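Colleague: Residue numbers (this note's numbering): -18 to 218.
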Ligand SMILES: [Zn+2]
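The structure is reproduced here in structure tokens:
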């Protein structure tokens, strides 16, 4: 005991004389390696943050966050004490994951604005829907990249679905009105039914669209159509 007290290095787990162990609980060799790592990883972090700041390419941003998270996890985890110089390992990793999630959501929001604009300017129904469909594919890809904000991405996906349905709905109503105007009630009814079906099967709560649904049902009845309970028709399928 006393002079011969030996302490285990936190990294290599070998035992050393107390005087040979650094304030971070590391032996001389491990302490040197850790310092070197911190220097080189600090460079990688700074470099990555600079790129993340300036890039508009979501793939680049994602890959840089992945690099930060990977380095932070491998270096600081297990060497927790050493990480306390600036931050604790888990905190840094978690913050980086949150930052990555937020970058993804920001990107999706800005892509949504672009899609809305494109859709608005498009002439045909297919080309009005297409920007939202493309965005859906991106959403599915980015969903897998997200850590703690999967719920937000799911909501975003529902929003896109609703936008697509709204375009379809407007188109059915438009067609129905034209057929009605021409006195073709049977074709008008077909389209009013399609519109009603779109409303009732979208992912928006029917209670939020009751006024719209009732108005449409009244129109269908006035043209001689018969409204069936959607629950019966849906449970059969
Ligand atoms: Zn060691």
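Using N, Cα and C, we set each Cβ at its ideal position, and we do this for glycine too. None of these values were measured; they are calculated from a predicted model.
Taking contact to mean 3 or more Cβ pairs, one atom from each stretch, closer than 8 Å, check whether the stretch 71 to 89 and the stretch 124 to 135 are in contact.
Modeller: In the pairwise beta carbon analysis, the stretch 71 to 89 is classified as touching the stretch 124 to 135: at least three pairs are separated by under 8 Å.
Colleague: Which whole-angstrom value describes the C-beta separation of residue 139 and residue 87, a residue pair presumed to lie in contact below a C-beta threshold of 8 Å?
Modeller: If you number the chain shown from 1, residue 139 lands on position 158. If you number the chain shown from 1, residue 87 lands on position 106. In this structure residue 139 is not in contact with residue 87, their Cβ atoms being roughly 19 Å apart against a cut-off of 8 Å.
Colleague: Just to confirm, are residue 109 and residue 148 a CB contact at a threshold of 8 Å?
Modeller: Here the question's residue 109 lines up with position 128 in the chain shown. Here the question's residue 148 lines up with position 167 in the chain shown. Yes, these two residues count as a Cβ contact at 8 Å.
Colleague: Can you list, in chain order, the residues of its chain with a C-beta nearer than 7 Å to that of residue 45? Leave out the 5 residues immediately preceding and following it.
Modeller: Translated into the one-based positions of the chain shown, residue 45 becomes position 64. For residue 45, where only same-chain residues beyond five positions count, the Cβ hits under 7 Å are 29, 32 and 33.
Colleague: Tell me, please, which residues DSSP counts as bridged to residue -2.
Modeller: Position 17 of the chain shown holds residue -2. The partner list for residue -2 (beta bridge, DSSP) reads -13.
Colleague: Which residues neighbour ligand 1 when neighbourhood means a C-beta less than 6 Å away from any of its non-hydrogen atoms? List them by chain order.
Modeller: -10, -8, -7, -5, 7, 8, 10 and 11
Colleague: What residue from 198, 38, 4 and 21 has the CA that sits closest to residue 52's CA?
Modeller: Counting from one through the chain shown, the residue named residue 52 turns up at place 71. Distance check between residue 52 and each of 198, 38, 4 and 21 places 21 closest, using alpha-carbon atoms only.
Colleague: Decide if residue -7 is buried, meaning its Cβ has at least 16 other Cβ atoms within 10 Å, or exposed.
Modeller: Counting from 1 along the chain shown, the entry for residue -7 is found at position 12. Classification of residue -7: exposed, given that the 10 Å Cβ count is below 16.
Colleague: Apart from the five residues on each side of it in sequence, which residues of its chain come closer than 7 Å, Cβ to Cβ, to residue 176?
Modeller: Walking along the chain shown from the start, residue 176 turns up at place 195. Once the five neighbours on either side are set aside, the close Cβ partners of residue 176 are 150, 153, 154, 157 and 197.
Colleague: If you draw a straight line from the C-alpha of residue 201 to the C-alpha of residue 195, how long is it?
Modeller: For the purposes of this step, residue 201 is taken as residue 220 along the chain shown, with counting starting at 1. For the purposes of this step, residue 195 is taken as residue 214 along the chain shown, with counting starting at 1. Cα to Cα, residue 201 sits roughly 10 Å from residue 195.
Colleague: What runs of the beta strand (DSSP E), each 3 residues or longer, lie entirely inside the stretch 69 to 145?
Modeller: Given a length threshold of 3 residues, the stretch 69 to 145 has no whole run of the beta strand (DSSP E) inside it.
Colleague: Helix, strand or coil for residue 4? Go by DSSP, reduced to three states.
Modeller: To locate residue 4, count along the chain shown from 1; it is residue 23. It is coil, neither helix nor strand.
Colleague: Can you tell me where the alpha helix (DSSP H) holding residue 199 begins and where it ends?
Modeller: Locating residue 199 in the chain shown gives position 218, where the first residue counts as 1. Here the alpha helix (DSSP H) through residue 199 covers 191 to 203.
Colleague: Using a Cβ-Cβ cut-off of 7 Å (strictly less than) and excluding sequence neighbours within five positions of residue 42, which residues of its own chain qualify?
Modeller: Along the chain shown, one-based indexing puts residue 42 at 61. Correct list, in chain order: 33, 36 and 84.
Colleague: May I ask you to report which of helix, strand or coil DSSP gives residue 36?
Modeller: The residue given as residue 36 occupies position 55 in the chain shown. Residue state, collapsed to three classes: coil.
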